[in-house]
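Asker: Okay, so the sequence shown: first residue is 1 according to the UniProt record's numbering, each after it adds one. Heads up, the beta-carbon is just placed ideally off N, CA and C, and yes, glycines get one too.
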Amino acid sequence: MSVLTSLRSKFALLFLTFIAVPAVLGVIGMGALQAVNDPATEIREVWLPKLRILAALNDHLSDFRLAEGDYMAAADEEERSTHAVTLARLGGEIAANIAEYRVSQPASNASKEAQAFQQFVTAWNTYREIATRLMTQAATLDRQTARQLYRTENQQAYWKASDLLDQLTAADIEEAEASRDQAKSVYDDTSMRFIVIIVGVVGLAILAMAMVNRTISSPLIQLVGVLTRIPQRDFSAPVPHTGRRDEIGAIARAITVFREQAAELEETLRREHGLLTQQRNFITMASHEIRTPLTGIDGHARRLERQADHVAPAEIAERAGRIRAAVRRLTQVVESVTRAAQWDQDPAEVHLRPHALPSVLADIVQRAREENPQRAILLTCAPFPQPLRLDPALLDQAVTNLLGNALKYSDPSTTVSITARMDGDWALVEVEDQGIGIPEAEREQIRTRFFRASNARATVGSGVGLYIVDQIMAIHGGTMSIDSRLNEGTRVTLRLPLSSPISLPEGASL
1 MSVLTSLRSK FALLFLTFIA VPAVLGVIGM GALQAVNDPA TEIREVWLPK LRILAALNDH
61 LSDFRLAEGD YMAAADEEER STHAVTLARL GGEIAANIAE YRVSQPASNA SKEAQAFQQF
121 VTAWNTYREI ATRLMTQAAT LDRQTARQLY RTENQQAYWK ASDLLDQLTA ADIEEAEASR
181 DQAKSVYDDT SMRFIVIIVG VVGLAILAMA MVNRTISSPL IQLVGVLTRI PQRDFSAPVP
241 HTGRRDEIGA IARAITVFRE QAAELEETLR REHGLLTQQR NFITMASHEI RTPLTGIDGH
301 ARRLERQADH VAPAEIAERA GRIRAAVRRL TQVVESVTRA AQWDQDPAEV HLRPHALPSV
361 LADIVQRARE ENPQRAILLT CAPFPQPLRL DPALLDQAVT NLLGNALKYS DPSTTVSITA
421 RMDGDWALVE VEDQGIGIPE AEREQIRTRF FRASNARATV GSGVGLYIVD QIMAIHGGTM
481 SIDSRLNEGT RVTLRLPLSS PISLPEGASL
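(1) With DSSP collapsed to three states, give me the class of R375.
(2) Starting from H60, trace the beta strand (DSSP E) in both directions and tell me its first and last residue.
(3) Using CA atoms only, rank isn't needed, just tell me which of T215, R421, T448 is closest to Q471.
(4) How big is the Cα-Cα spacing for H288 and D298?
(5) Take every Cβ of the stretch 422 to 437, pair it with every Cβ of the stretch 481 to 489, and state whether three or more of those distances are shorter than 8 angstroms.
(6) What is the DSSP secondary structure of R128, counted as helix, strand or coil?
(7) Take D166 as the anchor and find which of A88, D411, I53 has the nearest alpha-carbon.
(8) Note down the Cα distance separating A210 from V201, rounded to an integer number of angstroms.
(9) Opposite V416 in the DSSP bridges: which residues?
(10) Quick check: the Cα distance between I323 and V464, rounded to an integer number of angstroms?
(11) Whose C-beta lies closer than 6 angstroms to the C-beta of P392 among residues of the same chain, with five residues either side of it excluded?
(12) Consult DSSP for H83 and reduce its assignment to one of helix, strand or coil.
(13) So what does DSSP say about M285, is it helix, strand or coil?
(14) For I255 and F384, I'd like the C-alpha separation in whole angstroms.
(15) Here's the rule: buried if 16 or more other CB atoms are within 10 angstroms of the residue's CB, otherwise exposed. What is L402?
(16) Could you please give the first and the last residue of the uninterrupted beta strand (DSSP E) stretch that includes E432?
(17) Tell me which same chain residues have a C-beta within less than 8 angstroms of the C-beta of A223, skipping the five on either side of it?
(18) Would you call T169 buried or exposed, if buried means 16 or more other Cβ atoms sit within 10 Å of its Cβ?
(19) From R389, A441, L357, R180, pick the residue whose C-alpha is nearest to that of I43; which is it?
(20) Which runs of the beta strand (DSSP E), 3 residues or longer, sit entirely within the stretch 379 to 412?
(21) For the beta strand (DSSP E) that G478 lies in, which residues bound it at each end?
(22) My guess is that L87 and A123 are in contact by the Cβ rule of under 8 angstroms, so how many angstroms apart are they, rounded?
(23) W426 and L498: beta carbons closer than 8 angstroms?
(24) Compare the C-alpha of T126 against each of Q137, T140, W159 and name the closest.
(25) With 16 other CB atoms within 10 Å as the buried threshold, where does A67 fall?
(26) Measuring CB to CB, does R495 end up less than 8 angstroms from L428?
(27) For A262, collect the residues of the same chain with a Cβ closer than 8 angstroms to its Cβ; drop the 5 residues on either side in sequence, then sort them by chain order.
(28) Need the endpoints of the beta strand (DSSP E) that G489 sits in, please.
(29) So, is K184 buried or exposed, given that buried needs 16 or more other C-beta atoms within 10 angstroms?
(30) Once you ignore the five residues that flank I28 on each side, which residues in its own chain have a CB closer than 8 angstroms to its CB?
(31) Grab the span of the alpha helix (DSSP H) containing P219 for me, first residue to last.
(32) If you follow the alpha helix (DSSP H) that R180 is in, where does it begin and where does it stop?
(33) In this structure, does DSSP put D76 in helix, strand or coil?
(34) Can you tell me which residues form a DSSP beta bridge with R485?
(35) Closest to I98 by CA distance: which of L61, K408, L466, N372 is it?
(36) Quick one: Cα of A96 to Cα of V46, how far?
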């Protein structure tokens with residue numbers, strides 16, 4: 001796993017990106033805020049104080065004109081003195097306002113606002129000189145001349161100063177509005193930049209989340225889904241991302257190994273469970289099937305022992321026959337168990353040669369009729385154009401097992417039939433009886449070694465007959481199928497290939 005492709009490197013790169021982005025945005029934001037702050041500072045520190053001074057000048061100038069009128073209308077010297085003090089105070093305040101405004105005015109400023117201010121100062125000085133002359137004439141009792149001067153030259157000087165003050169105010173307002181418009185333009189431009197930056201950051205975050213989801217979250221969820229199936233014994237789902245060269249790929253490969261080992265363990269446990277089930281079935285079967293003939297042997301022996309002095313030779317022969325029959329049943333059980341064990345540990349040698357199937361079946365049926373003279377056994381063989389490659393000894397064992405089951409689990413008054421015919425590329429051998437049948441719920445287990453149907457346990461048997469038949473059919477490349485109806489009968493069909501290659505189990509030889 002390369003350092004550059006590891007999740008640690010990817011997370012480090014993502015972390016550095018999220019550190020770098022706020023840093024860059026902070027620098028850009030500081031510059032943008034400074035760009036907004038400059039015109040805002042100019043408005044706050046220059047134009048608002050100037051407009052305040054101009055508002056005060058306008059008020060003081062109006063009050064000065066009113067105080068002039070009061071001075072001219074004064075009835076006596078005392079009242080004129082009072083108004084003179086007011087005029088002096090207002091004149092001082094106007095001078096202070098002019099001085100304060102001049103301080104805020106740059107010396108080299110040649111703007112429209114600076115020219116308007118200078119013109120207002122000149123007009124104010126002219127107006128103040130005329131007002132002083134007016135007060136002097138009014139104080140010397142030249143009232144008529146003073147009134148004439150108040151209504152003409154003095155009034156015109158006031159109007160001129162007032163108009164110039166209005167022009168100065170308008171110029172300042174124009175300059176302030178220009179600064180305001182500039183601040184608004186910068187603010188709008190900065191806002192747009194911030195919107196673009198925010199959209200970019202959000203897009204970057206979405207892209208990062210999509211990358212994390214695609215490269216980390218989604219693969220982990222998929223791997224968790226595979227892991228959750230393992231306890232459910234589902235090993236079929238493919239493990240994704242095994243080809244990745246990072247930690248996700250390492251996890252996926254580890255899950256693959258873990259799942260394979262879990263599947264192997266599950267298969268081992270299944271086989272162990274099957275063996276335990278077969279062992280329990282064998283113990284149950286053996287305890288019943290061996291005890292039954294032994295009980296019969298012991299009963300006949302006890303009767304002979306008690307009646308030894310007066311038992312007729314014919315009765316002794318009869319009881320001896322029953323004892324021998326019980327011994328044969330016991331021997332058959334032991335031989336069946338032994339054969340079943342040999343099939344697992346040392347498969348039979350197979351000798352496949354061309355043989356006529358009807359001839360092999362006729363020998364089997366003839367022997368069965370001799371051993372069961374009281375039973376009706378019917379053989380029907382269709383003509384076969386060519387011999388079959390088969391092992392007659394193994395086929396004899398398979399058909400004999402099926403025929404024995406049919407005779408054992410059917411009423412003595414019924415007929416057991418064996419039919420051989422062709423079906424395409426297959427030869428079919430059907431063994432059919434009218435016996436007890438097999439319960440539907442147990443038909444899948446009937447091929448299992450040592451398993452016996454629940455309705456057949458009253459009859460002596462080993463539970464390995466159908467298991468052996470199934471193995472023999474596999475050796476011949478054929479199959480065994482079972483069709484059964486409870487209390488109506490069973491038909492077992494053996495399918496043998498006419499010319500197909502033979503599939504031998506491991507350990508078997510021709």
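Answerer: By the coordinates alone:
(1) Three-state result, R375: coil.
(2) DSSP places H60 in no beta strand (DSSP E) but in the uninterrupted alpha helix (DSSP H) bounded by 48 to 72.
(3) Among T215, R421, T448, the Cα nearest to that of Q471 belongs to T448.
(4) Low confidence applies here, because H288 scores a pLDDT of 46, under 50, leaving its location unreliable and the question unanswered by this model.
(5) Yes, they touch.
(6) Here R128 carries a helix assignment [DSSP, helix/strand/coil].
(7) Comparing C-alpha distances from D166 to each of A88, D411, I53 shows the shortest one belongs to I53.
(8) The alpha-carbon atoms of A210 and V201 are separated by roughly 14 angstroms.
(9) The bridge partners DSSP lists for V416 are I377.
(10) If you take the alpha carbons of I323 and V464, they lie about 24 angstroms apart.
(11) So the qualifying residues of the chain are H355, V360.
(12) H83 carries a helical assignment under DSSP once its states are collapsed to helix, strand and coil.
(13) The predicted position of M285 is uncertain, since its pLDDT is 49 and thus under 50; no value can be drawn from it.
(14) Cα to Cα, I255 sits roughly 57 angstroms from F384.
(15) Looking at its Cβ environment, which holds 16 or more other Cβ atoms inside 10 Å, L402 is buried.
(16) E432: member of the beta strand (DSSP E) spanning 426 to 432, first to last residue.
(17) Per the sequence shown, residue 223 should be read as Leu rather than Ala. Taking L223 as the centre and dropping the five residues before and after it, the same chain places the C-beta of V239, P240, H241, I248, I251, A252, I255 closer than 8 angstroms to its C-beta, in chain order.
(18) When all chains shown are included, T169 counts as buried.
(19) For the residues R389, A441, L357, R180, the minimum Cα distance to I43 belongs to R180.
(20) Taking only runs of at least 3 residues, the beta strand (DSSP E) segments lying wholly in the stretch 379 to 412 are 388 to 390.
(21) Premise fails: G478 is in no beta strand (DSSP E) and is neither H nor E.
(22) The Cβ separation is near 18 angstroms, so there is no contact.
(23) At the C-beta level, W426 and L498 come within 8 angstroms of one another.
(24) Ranking Q137, T140, W159 by Cα distance to T126 puts W159 first.
(25) In summary, A67 is buried, with 16 or more beta-carbon neighbours lying within 10 Å of its beta-carbon over all protein chains present.
(26) In this structure, L428 lies closer than 8 angstroms to R495 by Cβ.
(27) Once the five neighbours on either side are set aside, the close Cβ partners of A262 are I230, F235.
(28) Here the beta strand (DSSP E) through G489 covers 489 to 497.
(29) K184 should be labelled exposed.
(30) Hits under 8 angstroms: R193, I197.
(31) If you look at P219, you'll find it in the alpha helix (DSSP H) that goes 218 to 229.
(32) Note, R180: alpha helix (DSSP H), 153 to 212.
(33) DSSP places D76 in coil when its eight states are reduced to three.
(34) G489.
(35) Nearest C-alpha to I98: L61.
(36) Straight-line Cα distance between these residues: approximately 17 angstroms.
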